[in-house]
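Peer 1: Here it is: the structure, laid out below.
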Amino acid sequence: MPPSTINSSLVLSVIAQEVSLQSNTPIQMLLCDYELLDTCLQSIKRFNWEAVAKAACLKKHQIYRWYYDNHQRNLKGNVTLEDMKIIRQELVKAIQLGVPTNVPFQKLLKEKLSREYQRNSFTVAFNNSKRLVSTGLRNKINESETTDDKEMKRRIQDTSYTSYSSIFTVPDVSCVRHNYTDIFEDIDNQKSFDE
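Numbered as in the working numbering, the sequence shown ends at 195 without a single skipped number.
Given below as C-alpha cells:
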C-alpha cells in the first residue's frame, strides 16, 4: 500500500496509543499536539512498530516509512533558503579543498545550519545541492580553457553520471584553483531545492 493510501488519522491514533502506553502521556494530549507525540516517540528506545502495524492492518515498514518520510518531514518542515546557501557554499569549499563529503562532513555541516532538520529533509537538500554544485562545476569547466580546468573536466567525465558523487570524495583535487562560487548567483534566487 503506497503512502498516499495510508489513513493518517488512523495511523496517528494507533501510534498515540502505543506512545501513551510507553510514556504515560494521555492519548488526547498526544493527538492534539503532534510535536509532543513526535518528542515522546523519539524518547522511546524500543518503540513497538509491529504492534502499530498490526493494529492499523499494515506492514511495519509501511508505517515506519510513512511516519519518518511523510509525517515527520511535514511536521519539521523543509530546509530554509539561507541554510541551502550554507550547504552549497560548504560543498564548493569542500570540492576546492579536496574534502570528502561523507558522513563526518555532513555532521559538521549540520552544526552550521540555523536549526536541526529531520533526517530526510536534510538528505534531500544535501543531495540536491550536491547535484547543483556538480552541474555548475561541469558547466563552468566546459566554458573554461585552462589546463587545470581541463584536468578537472576529464575527472568529471571519467566519473559515470550515476556515481557523480565520487567527484566529491577524490582526495586530490589540487587542479581546482579557481573560485567557483560565482556560478551560484542565479541559483540562490530560486525558492526551494528540496521539493
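We put the CB at the ideal spot given by N, CA and C, even for glycine.
1. Given this structure, state the Cα-to-Cα distance separating leucine 37 from leucine 31, to the nearest angstrom.
2. Where does arginine 65 fall in DSSP's three states?
3. Given that a residue counts as buried once 16 or more other Cβ atoms are within 10 Å of its Cβ, and exposed if not, what is histidine 61?
4. Which one of Glu35, Ala56 and Gln22 has the shortest CA to CA distance from arginine 46?
5. Can you tell me the Cα-Cα spacing of isoleucine 6 and lysine 59, whole angstroms?
6. What residues in its chain sit with their C-beta under 7 Å from that of serine 20, if we drop five residues either side in the sequence?
7. Which residue's Cα is closest to the Cα of lysine 130: Asn102, Tyr117, Leu108 and Leu113?
8. Valine 79 and tyrosine 34: beta carbons closer than 8 Å?
9. Secondary structure at alanine 56, three-state DSSP: helix, strand or coil?
10. Does the beta-carbon distance from valine 99 to valine 133 come in below 8 Å?
11. Would DSSP call glutamine 118 helix, strand or coil?
12. Around the Cβ of leucine 137, are there at least 16 other Cβ atoms within 10 angstroms (buried) or fewer (exposed)?
13. Measure from the alpha carbon of isoleucine 55 to the alpha carbon of each residue in Asn128, Ser9 and Asn127, then state which is nearest.
Peer 2: On the basis of the data shown:
1. Start at 1 with the first residue of the sequence shown, and residue 37 comes out as number 37. Start at 1 with the first residue of the sequence shown, and residue 31 comes out as number 31. Cα to Cα, the separation comes out at about 7 Å.
2. Taking the sequence shown and counting its residues from 1, one reaches residue 65 at position 65. Helix, per DSSP.
3. The residue given as residue 61 occupies position 61 in the sequence shown. So histidine 61 ends up on the exposed side.
4. The residue given as residue 46 occupies position 46 in the sequence shown. Arginine 46 has its Cα closest to that of Gln22, out of Glu35, Ala56 and Gln22.
5. Locating residue 6 in the sequence shown gives position 6, where the first residue counts as 1. Locating residue 59 in the sequence shown gives position 59, where the first residue counts as 1. Distance between the alpha carbons of isoleucine 6 and lysine 59 is about 11 Å.
6. Within the sequence shown, the letter at position 20 stands for residue 20. Hits under 7 Å: Pro26, Ile27 and Leu30.
7. Within the sequence shown, the letter at position 130 stands for residue 130. It is Asn102.
8. Numbered from 1 along the sequence shown, position 79 holds the residue referred to as residue 79. Numbered from 1 along the sequence shown, position 34 holds the residue referred to as residue 34. Valine 79 places its beta carbon 8 Å or farther from that of tyrosine 34.
9. Translated into positions along the sequence shown, residue 56 becomes position 56. When DSSP states are grouped into helix, strand and coil, alanine 56 belongs to the coil group.
10. As a working note, residue 99 is residue 99 in the sequence shown. As a working note, residue 133 is residue 133 in the sequence shown. The criterion of a C-beta distance shorter than 8 Å is not satisfied by valine 99 and valine 133.
11. Stepping through the sequence shown from its first residue, residue 118 is reached at position 118. In this structure, DSSP gives glutamine 118 a state outside helix and strand, which the three-state scheme calls coil.
12. Start at 1 with the first residue of the sequence shown, and residue 137 comes out as number 137. When all chains shown are included, leucine 137 counts as buried.
13. Locating residue 55 in the sequence shown gives position 55, where the first residue counts as 1. It should be pointed out that residue 55 corresponds to alanine in this sequence rather than to isoleucine. Nearest of Asn128, Ser9 and Asn127 to alanine 55, Cα basis: Ser9.
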